[in-house]
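Everything below concerns the one structure shown next.
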Amino acid sequence: MAKKETYPATPPRERAFLVGVEISGEEGLLPLNDSLDELALLAETAGLEVVGEITQKLKRPNAKTFIGAGKVNELKALAEDTLTQVVIFDDELSPRHQRELEKQLGENLRLLDRTSLILDIFAQHAKTREGMLQVELAQYEYYLPRLTRAWTHLARQGGGGGGRAGGVGGVGLRGPGETQLEVDRRVIGKRISRIKEDLEKVRAHRSRHRDKRKKSQMPIVALVGYTNAGKSTLLNQLAESDVYVADQLFATLDPTTRRVDLPGGYKSLFTDTVGFIQKLPTTLIAAFRATLEEIADADLLLHVVDISHPNALNHFEAVEETLGEINADHIPIITALNKIDLLEDPEKANTTLENYPRAIAVSAKDKIGIKELRELLKKGLYETYTAITVRLPYQEGNLLSIFHESGKIERIEHERGSTLIQGRLPGRLVAKFDGWEVLPEDELRDEEI
Numbered sequence: 001m002a003k004k005e006t007y008p009a010t011p012p013r014e015r016a017f018l019v020g021v022e023i024s025g026e027e028g029l030l031p032l033n034d035s036l037d038e039l040a041l042l043a044e045t046a047g048l049e050v051v052g053e054i055t056q057k058l059k060r061p062n063a064k065t066f067i068g069a070g071k072v073n074e075l076k077a078l079a080e081d082t083l084t085q086v087v088i089f090d091d092e093l094s095p096r097h098q099r100e101l102e103k104q105l106g107e108n109l110r111l112l113d114r115t116s117l118i119l120d121i122f123a124q125h126a127k128t129r130e131g132m133l134q135v136e137l138a139q140y141e142y143y144l145p146r147l148t149r150a151w152t153h154l155a156r157q158g159g160g161g162g163g164r165a166g167g168v169g170g171v172g173l174r175g176p177g178e179t180q181l182e183v184d185r186r187v188i189g190k191r192i193s194r195i196k197e198d199l200e201k202v203r204a205h206r207s208r209h210r211d212k213r214k215k216s217q218m219p220i221v222a223l224v225g226y227t228n229a230g231k232s233t234l235l236n237q238l239a240e241s242d243v244y245v246a247d248q249l250f251a252t253l254d255p256t257t258r259r260v261d262l263p264g265g266y267k268s269l270f271t272d273t274v275g276f277i278q279k280l281p282t283t284l285i286a287a288f289r290a291t292l293e294e295i296a297d298a299d300l301l302l303h304v305v306d307i308s309h310p311n312a313l314n315h316f317e318a319v320e321e322t323l324g325e326i327n328a329d330h331i332p333i334i335t336a337l338n339k340i341d342l343l344e345d346p347e348k349a350n351t352t353l354e355n356y357p358r359a360i361a362v363s364a365k366d367k368i369g370i371k372e373l374r375e376l377l378k379k380g381l382y383e384t385y386t387a388i389t390v391r392l393p394y395q396e397g398n399l400l401s402i403f404h405e406s407g408k409i410e411r412i413e414h415e416r417g418s419t420l421i422q423g424r425l426p427g428r429l430v431a432k433f434d435g436w437e438v439l440p441e442d443e444l445r446d447e448e449i
């Protein structure tokens, strides 16, 4: 009887070798070794098997190959010894660096940098049409100046959102005197324009939904945090829902909104958002603009921090930096120091509270501190007031209504063409009055006149 052939349940993973560079005078949010550990997690999330790493300290990147010529030869030899198929740099490579390294490493090695790896992960995790469009746009804008061998990689994985990256520049598209590369660039440029048009429609649709939520007078809390900090698990506990949870980087790409009941009969809408990471590609921030507006338009941010991670404070700073980039750093913040169940002594989390704004230690997994967090959220949304004086033109009647309904008016004067109001507003509403606030010295000057 012939022996029955057996096959592995899953295909073997591609073998990846990591490259990290420390540039003198350029300190990242994470030390080099920790940044490489994070890169290894990204590679694992993308389905790759990390088989080794190499590092180098430089005064400045090599103009041609980013790392030194000798290091390139060492990398090539190590890649051959470990049967490596993919080389991943922990920094974003310029188009020139990409081309030169591909030449010297040879055709048998696929070259990625941190940005292209993150784009690849996003492409795998995007499920909705919006998410696919956002990832496809980021891919095209990243690969457009790199149309060499990198283009074949993008062509293989294809785009989301109804169009595929492969197949451009086919027979009949080429004009007089055009090279294939010129055709590819022209077709990609058209595709980018189309995707941006589609995403602008998505943005308008999201904006209409946010307007409806505002009319309901239900405040909005956006969960933000470093990737894999436990935002989705925490949302499930607060909302008693079943948002998808996975112990991996970037498990959540598309925003999810749930209603949460707070103490005293108060209600709020909570939105889970994509996790941040150090060196988050600018192409992704731009492409996910419509999604990130969910954060910038929130009344309160719940910043979830994995306090069990050795680089928790660095992760916190990376998120704060990104919030500044999307103009959301003015929104009131409550910090949830999550995963205290993973600490040897959970009480130690309380000693770090002073390092974070309005912080509370919790475990979303074990439901520790959830009741206290609900109380803190209620205070942040409804009981924390800020003194403010504003001068509102009569046509800003909606803002006047907000002040009457949600604020505490101490003084009101009707002037020619405007209304001067002095009082206190919930901290979450102060940002709505940007541009109309009257500074104390301005008020004094008016009285003198």
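In my numbering, the protein residues as written are 1 to 449. Ideal Cβ positions, reconstructed from N, Cα and C, are used throughout, including at glycine. Here the structure is a predicted model, which is why all the values come from computation and not from measurement.
Closest by CA to residue i, which one among the options?
| i | options | result |
| --- | --- | --- |
| Q422 | K432, T386 and P263 | T386 |
| L301 | I285, V319, I307 and P310 | V319 |
| Y356 | A328, A43, G225 and S406 | G225 |
| E22 | K59, R411, V187 and K371 | K59 |
| E293 | N73, P255 and I307 | P255 |
| E200 | V221, E130, L75 and A239 | E130 |
| I188 | Y140, K348 and I220 | Y140 |
| D306 | P346, G324 and D297 | P346 |
| L373 | A296, H315, F288 and V221 | V221 |
Would you kindly report the start and end of the unbroken alpha helix (DSSP H) that includes residue i?
| i | result |
| --- | --- |
| Y142 | R129 to Y143 |
| R60 | Looking at the DSSP string, R60 is not in any alpha helix (DSSP H), and its letter there is neither H nor E. |
| I412 | Here I412 belongs to no alpha helix (DSSP H); instead the beta strand (DSSP E) covers K408 to E415. |
| F17 | Taken as a continuous stretch (DSSP letters only), F17 belongs to no alpha helix (DSSP H), being part of the beta strand (DSSP E) at R15 to I23. |
| L112 | Note, L112: premise wrong, no alpha helix (DSSP H); beta strand (DSSP E) at R110 to D113. |
| K71 | A69 to D81 |
| P95 | P95 to L105 |
Can the beta-carbon of residue i be found less than 7 Å from the beta-carbon of residue j?
| i | j | result |
| --- | --- | --- |
| G52 | T82 | yes |
| E14 | Q124 | no |
| A40 | I88 | no |
| F66 | H97 | yes |
| R424 | K408 | yes |
| V304 | A349 | no |
| G20 | L29 | no |
| L238 | V260 | yes |
Label residue i either buried or exposed according to how many other C-beta atoms from any shown protein chain fall within 10 Å of its C-beta, with 16 as the threshold for buried.
| i | result |
| --- | --- |
| H330 | exposed |
| N108 | exposed |
| N311 | buried |
| Y143 | buried |
| A204 | exposed |
| E38 | buried |
| K279 | buried |
| Q134 | buried |
| T322 | buried |
| P332 | buried |
| H404 | exposed |
| L181 | exposed |
| E136 | buried |
| A450 | For residue 450 there is no data in the structure shown, the boundaries of the chain being 1 and 449. |
With respect to the beta strand (DSSP E) encompassing residue i, which residues constitute its N-terminal and C-terminal limits?
| i | result |
| --- | --- |
| P393 | Y385 to P393 |
| H309 | That residue, H309, is in no beta strand (DSSP E); it is neither H nor E in DSSP. |
| R258 | T256 to D261 |
| L223 | I220 to G225 |
| V87 | V86 to F89 |
| L381 | No beta strand (DSSP E) holds L381; DSSP gives it neither H nor E. |
Would a check of beta-carbon distances place residue i closer than 7 Å to chain C?
| i | result |
| --- | --- |
| R186 | Structure shown: chain C not included; a single protein chain is present. |
Is there contact here, the segment 114-121 with the segment 257-264, by at least three beta-carbon pairs under 8 Å? no
Do the segment 272-283 and the segment 222-241 make contact, defined as three or more Cβ pairs closer than 8 Å? yes
Spell out a yes or no on whether the segment 410-429 and the segment 366-383 are touching, meaning 3 or more CB-CB pairs, one atom from each, closer than 8 Å. yes
Does the structure place the segment 362-378 close enough to the segment 339-351 that three or more beta carbon pairs sit under 8 Å? yes
Using 8 Å as the Cβ pair cut-off and three pairs as the minimum, do the segment 368-377 and the segment 390-399 touch? no
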